[in-house]
Amino acid sequence: MEPYKKNYKLTQEEVNGGEVLKIVASAVPVKILATENWISSLGK
Numbered sequence: 036m037e038p039y040k041k042n043y044k045l046t047q048e049e050v051n052g053g054e055v056l057k058i059v060a061s062a063v064p065v066k067i068l069a070t071e072n073w074i075s076s077l078g079k
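Quick note: to get my numbering, add 35 to the position in the sequence shown (first position is 1).
If you want it as structure tokens, here you go:
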């Protein structure tokens, strides 16, 4: 978590909330990418 301390001044709640958002934000593109790959593989 050290890089966050350098870039931002966050409360513990904001850090925890950010972790959840980061997990969600990283999960959504992965699902979209997997779906696109699946659709493109069907098209072949």
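All C-beta atoms, glycine included, are put in the ideal place defined by N, C-alpha and C. This one's a predicted model, so the numbers in the text were calculated from it and none came from an experiment.
Taking DSSP as the reference, what is the three-state secondary structure of residue i?
i, result
"lysine 79", "coil"
"threonine 46", "coil"
Measuring only the C-alpha atoms, how far is residue i from residue j?
i, j, result
"tryptophan 73", "leucine 56", "26 Å"
"isoleucine 67", "glycine 53", "21 Å"
"proline 64", "serine 76", "18 Å"
"alanine 60", "threonine 70", "16 Å"
"isoleucine 58", "lysine 79", "32 Å"
"valine 50", "alanine 62", "18 Å"
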